[in-house]
Every structure is written in C-alpha cells, then in structure tokens.
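To start, the structure itself, in structure tokens.
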Amino acid sequence: MDPKQKFEELRNNAKKDLENFSDCLQELILLRNKYLAKKGLIPLMMNNIKDVEDKKAFGELYNSCKNEVEALFNAKISELEAKKLNEELKKEKIDITLPGNNYDRGVANPFYKVINEIEDIFLGMGYSIETGPEVDFDKYVFELLNIPHDHPARDMQDTLYIDNNLLLRSHTSSVQAHVMEKAKGKPIKIICPGKTYRRDNDDMTHSHQFAQVEGLVIDKNINLGNLKATLELFAQKMFSKDTKVRFRSSFFPFTEPSVEVDISCFNCKGKGCNICKGTGWIEILGAGMVHPNVLRMSGYDPEVYSGFAFGIGIERVTMLKYGILDIRKFYQSDLKFIAEFKKVVEE
Ligand code: PHE
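Residue numbering for the sequence shown is 12 to 358, as defined by my numbering.
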C-alpha cells in the first residue's frame, strides 16, 4: 500500500477514535498507546521502511503523522485534565455564606473589673498591694483596731465565728493591723482588696459576703487634707473628672476623726436624681485619720507618725458605676447577668 495513504488512514482513524471517545482519562491513555506506544500502530510503520525506496519522504510522512496524532492526543488529554480539575475545584468550593462556628468569649465579672480598676488607680499613686487572711484572729479584726472585747462597736460588724478567738473578718481593716505589725515602725502606703463577711440580712443592697478595698498610709506629717486629695483623685478617675468629694463626720473606733465620704452624683452632676436619691451626693466609703491608740498598739509613736485609712465597698462602687440594682447578682453565677454586662464593657 502507498505509505502516504497508509499514514493518511492512520491519522483519520485516530481522529475518528478521538471523536467517538467518552471522557475517561484512563481509556484515553490506552487509546493513545494504541497509536503512539513503542509497539503502537504508528511506530510499527517504521518496520516497513526497509522496503521503501524514498526513505527520506517516508521519514517525513512518518514524523508529520506521528506529530499530528500526538498533538491531537495531547490536546484532548489537557482538555480532560482541565475538566477534571474544574470538577474537583467545584466540589471543594467553600461556601462562605455558611454560618461559622460560634466561640462564646467570656467576660470578667464586673466585680473583678472594678477591683482591677481600683488597683490600677492606687498603683499609679505609688501604693503597693497587700493581702491578708479571710479567717483571722480577734486581735487583728478588732483588738488592735481599738475595738476591745464587749465594745458596742462590735455589734455593727457581727460576723461568723469559728471559735471564741477566730472569725471570718468583718472588714479588710484587719490587714492594717497585720501590715503595721510587719512594718515595725516604718512608713506604710498600701491598699488591700479582699472579701469580708458580716451577719447581714441578704437584701438588694446587703449580702453576708461582700468585698472591700482597704487603704492605709502612715508616715510623718500625714493629714486630713492628704486623705481628701487622695480620695478626690480616686473618685475622679473612677467616675468622672469633675467629681467632687464631701466629708461628713462619722465614727469608727480605729480612726479619729472619722468621716463618711460622699462623691457628687456622676449622673445628675449634683442636681438630684434617683441614683443620688435627690441629694446630689452619693456615699461611697468610710475613712479617717488612724487613731493614736491604733498607732501606739502597733509600735508607732503618734507624736511622730500619723496616717489615714479608708475602706471602699467594691460592690457598692460597681453597682453605682454600672447601674446594678441587686447586690446578689454578683454571686449568683447568672450568665444572663454576665452577658448583659458584656455589652456594657464592649460599648
Ligand atoms: N472598716 C470600715 C468598715 O468596714 C471602713 C473603714 C476603713 C473606715 C478604714 C475607716 C477607715 O465599715
């Protein structure tokens, strides 16, 4: 047979095979091998070359047929590979409109947030932070604070007793006595945040467990003006820049003079509203100058040293700052309450 015709036929057959071909890549490769593998139909044509006169022309025909068929197969293979890839990509496509996994982020209880804020403010004024035991001896909770046995002032702070001598502390002022004992007559500038306990009826504003931040400064020449300036700066940082502070005389056995401290209402700015009960002022803490008896009992000469102390109710400050009405919310682990607060923090 005329080689030219033969090659033409091979070429056409390959084309026809490709046209009828289904889309299976493996079958296509088998088909390609049928024409182009070492012993495929086209390479086998070379066996005829020995009988051909014009070997050069035969070679040219062979190469062009082989190249053309190869190109046809390569094109088809690339086409199929692209199609397959596209299908895979389609299957793997991520639907970004699906809702994601919701990780519920926690939020600090407002109570702890306020403790941190108070600590930051006083650290900024050069105070250091102290802690003391929640279960303490009568000596530290009362005796060293000028509250002798059977003194009526004990009634205000009735608490839970472990035995005659050991009790849950009714205020953080007990830490004053511990710190003075350790300081051995040296100057002191500390705050102490912590839990306290009293035999209180639990209602909207009282709880048998609550928390305070105690403050104590002892040095030479400490006066009531220093106390007022300190508390004013604290109130301005805690509530608002224009907050004013007012002292009302009061009584605590361990301070003389003793004061209740009011701040001007941050809500109505003194005009009178329901937060300040129409007075323009809100009571936030008790304070005073450390009583000479207290200084003396802890080894300080009241003729040389003086000091001031204050006790801030943490729940009270937090309730005022965030408009929380019921103190019991702090201890009930009510997630609805915390979630509500999350909004306040994020705003
Ligand atoms: N310990 C007092 C109380 O719990 C508060 C206070 C602290 C008053 C320091 C004066 C000085 O009520």
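Glycine included, every Cβ here is placed at the ideal spot set by N, Cα and C.
On a predicted model such as this, the values are computed, not experimentally measured, just so you know.
Can you say whether residue i is buried or exposed, counting buried as having 16 or more other CB atoms within 10 angstroms of its CB?
i: GLU141; result: buried
i: GLN16; result: exposed
i: ASP147; result: buried
i: VAL224; result: buried
i: GLN343; result: exposed
i: LEU100; result: exposed
i: LEU39; result: buried
i: PHE108; result: A small fix is needed here, since residue 108 is Thr in this sequence, not Phe. THR108 comes out exposed.
i: TYR138; result: buried
i: GLY135; result: exposed
i: SER185; result: buried
i: HIS189; result: buried
i: LYS49; result: exposed
i: VAL80; result: buried
i: PRO204; result: buried
i: LEU96; result: exposed
i: ASN74; result: exposed
i: LYS340; result: buried
i: MET191; result: buried
i: LEU238; result: buried
i: TYR114; result: exposed
i: ILE105; result: exposed
i: LEU242; result: buried
i: GLY111; result: exposed
i: ASN157; result: buried
Taking the continuous alpha helix (DSSP H) assigned at residue i, which residues delimit it?
i: GLN37; result: 36-47
i: CYS76; result: 66-103
i: PHE341; result: Segment: none, PHE341 is in no alpha helix (DSSP H) and carries neither H nor E.
i: GLY236; result: 235-249
i: ILE433; result: The structure shown does not extend to residue 433, since the chain is modelled only from 12 through 358, so no value can be given for it.
i: SER33; result: Note, SER33: premise wrong, no alpha helix (DSSP H); not H, not E.
i: ILE325; result: 325-333
i: LEU55; result: 52-55
i: MET191; result: 184-194
Beta-carbon within less than 6 Å of residue i's beta-carbon, same chain only, minus the 5 sequence neighbours each way: which residues are those?
i: PHE84; result: ARG43
i: LYS353; result: VAL118
Which first and last residues belong to the beta strand (DSSP E) in which residue i is found?
i: VAL273; result: The sequence as given places Asp at residue 273; Val does not occur at that position. That run of the beta strand (DSSP E) goes 266-275.
i: PHE263; result: 256-263
i: LYS206; result: 199-208
i: GLN223; result: 220-230
i: ALA164; result: Looking at the DSSP string, ALA164 is not in any beta strand (DSSP E), and its letter there is neither H nor E.
i: MET300; result: 292-301
i: ASP345; result: Unbroken run through ASP345: none, as it is neither H nor E.
i: ASP147; result: 146-148
i: LEU109; result: Unbroken run through LEU109: none, as it is neither H nor E.
i: LEU177; result: 177-179
Counting only the same chain and skipping the five closest in sequence on each side, list residues whose C-beta sits under 7 Å from that of residue i.
i: PHE69; result: PRO14, ILE60, VAL63
i: CYS276; result: CYS284, ILE286, CYS287, GLY291, TRP292, ILE293
i: LEU52; result: LEU21, LYS45, TYR46
i: THR76; result: Correcting the residue type first, residue 76 is Cys in the shown sequence and not Thr. Only PHE18, LEU21, ARG22, ILE53 meet the Cβ criterion.
i: ILE233; result: SER317, GLY318, PHE319
i: ILE173; result: VAL146
i: LEU29; result: LEU83, LYS87
i: ASP213; result: HIS219, ARG339
i: LEU177; result: VAL146, PHE148
i: GLY281; result: SER275, GLY291
Measure how close the beta-carbons of residue i and residue j come, nearest whole angstrom, since I'm counting them as under 8 Å.
i: PHE221; j: GLU326; result: 5 Å
i: GLY226; j: ALA320; result: 6 Å
i: PRO303; j: HIS162; result: The pair is not a contact, with the Cβ atoms about 17 Å apart (cut-off 8 Å).
i: ILE338; j: THR207; result: That pair is no contact at about 13 Å.
i: GLY318; j: LEU306; result: 7 Å
i: SER309; j: LEU155; result: 6 Å
i: GLY128; j: MET249; result: Contrary to the premise, residue 128 reads as Glu rather than Gly in this sequence. Correct: roughly 7 Å between the Cβ atoms.
i: ILE349; j: PHE245; result: Rounded, the Cβ-Cβ distance is 26 Å, inconsistent with contact.
i: ILE229; j: TYR311; result: 6 Å
i: LYS231; j: VAL315; result: 6 Å
Please tell me whether residue i has its Cβ less than 7 Å away from any Cβ of chain B.
i: PHE262; result: As a matter of chain content, chain B is missing from the structure shown, which is built from one protein chain.
Between which residues of its own chain and residue i is the CB-CB distance below 8 Å, once the five residues before and five after are set aside?
i: ARG209; result: GLN168, ASP169, THR170, SER181, HIS219, PHE221
i: LYS66; result: ILE60
i: LYS26; result: LEU83
Segment contact, 8 Å Cβ cut-off, at least three pairs: the region 110-127 with the region 322-334: Contact between the region 110-127 and the region 322-334 is present, because at least three Cβ pairs lie under 8 Å.
Cβ contact (3+ pairs, closer than 8 Å) linking the region 24-41 and the region 84-97: They touch, by the three-pair rule.
The region 255-262 / the region 270-283 touching (three or more Cβ pairs under 8 Å): Yes, the region 255-262 is in contact with the region 270-283.
Segment contact, 8 Å Cβ cut-off, at least three pairs: the region 161-177 with the region 185-199: No, the region 161-177 is not in contact with the region 185-199.
Validate contact between the region 315-326 and the region 285-299 using beta carbons, cut 8 Å, 3 pairs: In this structure the region 315-326 lies against the region 285-299, because at least three pairs of beta carbons, one per stretch, are closer than 8 Å.
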